[in-house]
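Let me begin by presenting the structure, written as structure tokens, before commenting on it.
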Amino acid sequence: MIDLKAARADPDAFRSALVRKGDEAARLFDELMAADAHWLELIPQVDTLRGRTKLKGKPSEDELEELRRVKVELKQLEDALTEAERERQALLDRVPNPPDVSAPDGFTEDDAVEIRRVGEPSSFDFPVSDHVDLAQAYGWIDLERGARVSGSRFVYRIGDVALLELALYRFALDRLVQKGFVPVLPPVLVREEAMYGTGFFPTDEVNIYAVERDGLFLVGTSEVSLAALHMGEILEDVPLRYAGLSTCFRREAGAAGKDTRGMFRVHQFDKVEMFVFTLAETSRDEHERLLEIEEELVQELELPYRVVNVAAGDLGASATKKYDIEAWFPGQERWREITSTSNTTDFQARRLEIRHRRSDGRLEHVHTLNGTAVTARAMIALMENFQDDGGSISVPGALHEFGAPERLGRVQSTA
RNA sequence: GGAGGGAUGACCGAGUGGCCGAAGGUGCUCGCCUGCUAAGCGAGUAGGGGCUGUUGAGGCUCCUCGAGGGUUCAAAUCCCUCUCCCUCCGCCA
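So in our numbering the end of the first sequence lands on 415, straight run, no missing numbers.
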């Protein structure tokens with residue numbers, strides 16, 4: 001949630017920033033300011049009245065009578081205050097984090113600004129296949145059985161592709177640990193507080209699977225369980241850098257009919273995620289650093305890619321700024337997102353009550369950032385970019401030591 | 001699933017109706033001392049809201065001892081509900 005005091009001090013700045021996330025955001029902010037004004041009107045009244053109920057020692061008969069009168073009045077005001085607080089909180093829960101000035105204007109994927117391109121789209125002197133076709137001959141990706149067992153957008157990865165995918169995760173984890181990240185295998189079922197705290201509730205609730213019977217929710221990313229790892233805590237040592245590996249679950253509620261082919265967009269996938277707790281003054285640098293790491297990984301995987309700065313209106317509720325890396329997918333003949341890194345500043349930390357003590361003793365909310373290291377999408381990109389005309393796939397050297405076969409499929413005999 | 005115990009400040013831990021926002025310890029901050037990344041001595045140290053004020057300050061006040069409700073003039077302390085944690089048994093990867 002946003003810093004209410006800061007918003008009061010400069011509502012115009014907040015509003016004009018929030019407008020870039022959409023009219024709805026600005027409208028919610030206006031309502032929030034009105035609800036807050038109402039609350040501010042009530043609180044001193046309640047305070048004063050409460051003060052009059054404080055007595056030391058045993059009260060006299062006269063004082064008792066006076067107390068009873070005050071309490072009747074107080075009850076009404078307190079009820080009004082509770083209601084005002086409820087209204088304000090409901091709005092506070094929905095107002096998104098204002099975008100950073102460096103996030104470009106716009107509201108859609110197409111409004112993202114390309115920052116740079118590394119490598120050229122792969123060219124082939126034979127008709128290219130997408131990952132579905134490539135997997136077909138060897139049964140590497142079983143979509144039909146996935147659908148039969150779990151429904152559409154669920155897949156089995158089988159054989160060499162399973163090994164390749166695991167190698168990818170192990171590779172990313174290894175590189176991150178080298179860079180000082182602490183490896184974590186987090187829970188994937190979390191409580192409501194974790195979903196709320198990371199900003200997925202209430203805004204993005206439709207995309208979350210719920211296990212109603214137990215009041216638990218399946219994480220759409222380990223960002224949730226990693227952020228919540230320190231919920232309610234006062235951190236001694238920042239920055240803290242974690243590398244989480246987990247399965248992710250997404251309902252893809254708004255994505256009907258979109259990316260339905262293959263395993264590009266599925267309900268369940270695996271991801272190595274970076275998550276950082278840091279200080280306000282270093283979060284921008286930390287964000288650039290996360291992007292740098294993501295690029296290093298993609299470069300080691302030898303994938304052609306571009307980096308885009310996502311438009312303000314296309315950011316989630318908690319992000320102020322987001323970089324996506326889009327790899328070239330020959331099967332789709334376009335750049336598609338394979339990683340994403342966001343700076344959520346103090347938005348999540350405020351909801352999760354994660355703070356840090358300054359040397360002068362002052363407590364301050366930390367900043368949190370997240371970034372994808374690798375997901376199964378990177379594997380699809382590998383399959384499509386490194387195919388040969390016989391339908392086999394060469395695997396980048398970086399993955400060999402992590403158990404990936406050097407080549408998927410049989411090499412065509414040149415008879 | 002069954003039985004029992006517990007939830008207090010950054011951490012540990014006292015506290016069974018007003019003298020408690022809370023002993024003591026640890027940690028942390030500052031100072032002193034000490035021939036030195038130790039020990040000792042002294043002082044300070046909960047969070048949040050509102051008003052006022054300052055701009056290397058503070059003052060007044062309200063809320064908070066897991067959460068919510070209740071009893072009472074008065075609750076960390078009594079009652080109810082919920083949540084969570086722990087121990088033992090059962091079950092189980």
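Note that CB positions come from ideal geometry on N, CA and C, so glycine has one too.
Check, Outcome
"DSSP-derived helix/strand/coil call for E120", "coil"
"Beta-carbon proximity of R362 to I234, cut-off 7 Å", "no"
"Where T53 sits in the DSSP three-state scheme", "coil"
"Coarse secondary structure for F29, derived from DSSP in three states", "helix"
"Cβ pair A243, F181 closer than 7 Å", "yes"
"Distance between G397 and G159 (C-alpha atoms, nearest Å)", "19 Å"
"N- and C-terminal bounds of the alpha helix (DSSP H) containing D324", "No alpha helix (DSSP H) contains D324, which is instead part of the beta strand (DSSP E) from K321 to F329."
"A415 versus T339: straight-line alpha-carbon distance, rounded", "Bear in mind that a pLDDT of 46 at A415, under 50, signals an unreliable position, so the model cannot answer this."
"Identity of the residues DSSP links to M274 by a beta bridge", "A243 and G371"
"Delimiting residues of the alpha helix (DSSP H) encompassing P11", "P11 to V19"
"Contact check, P96 vs K21, beta carbons under 7 Å", "yes"
"Closest Cα partner of R175 within the set D214, D130 and Q299", "Q299"
"Residues that DSSP places opposite I141 in a beta bridge", "R157"
"Bridge partners - T339, DSSP secondary structure assignment", "I325"
"Three-pair Cβ contact test at 8 Å for the region 309 to 327 versus the region 85 to 103", "yes"
"Proximity below 7 Å, CB of R157 to CB of F402", "no"
"Cβ separation of V395 and A112, assumed to be a contact under 8 Å, to the nearest whole Å", "That belief does not hold up - the Cβ atoms of V395 and A112 are roughly 30 Å apart, past 8 Å."
"Exposure of G139, with buried meaning 16 or more beta-carbon neighbours within 10 Å", "exposed"
"Pairwise C-alpha distance: Q348 and D74", "Per the sequence shown, residue 74 should be read as Leu rather than Asp. Whole-angstrom Cα-Cα distance: 35 Å."
"F264 - partner residues in DSSP beta bridges", "None; F264 has no bridge partner."
"Buried/exposed call for H367, threshold 16 Cβ in 10 Å", "buried"
"Chain-order list of residues whose beta-carbon lies under 7 Å from that of H230 (same chain, five-residue window excluded)", "F277 and I354"
"For E205, the residue or residues it bridges with in DSSP", "In the DSSP output, where bridge partners are listed per residue, E205 has none listed."
"With 16 other Cβ atoms within 10 Å as the buried cut-off, status of K271", "buried"
"Among R116, E83, E302 and A9, the one whose alpha carbon lies nearest that of I43", "E83"
"Sheet register partners of V190 (DSSP bridge)", "F217"
"Three-state secondary structure assigned by DSSP to N385", "helix"
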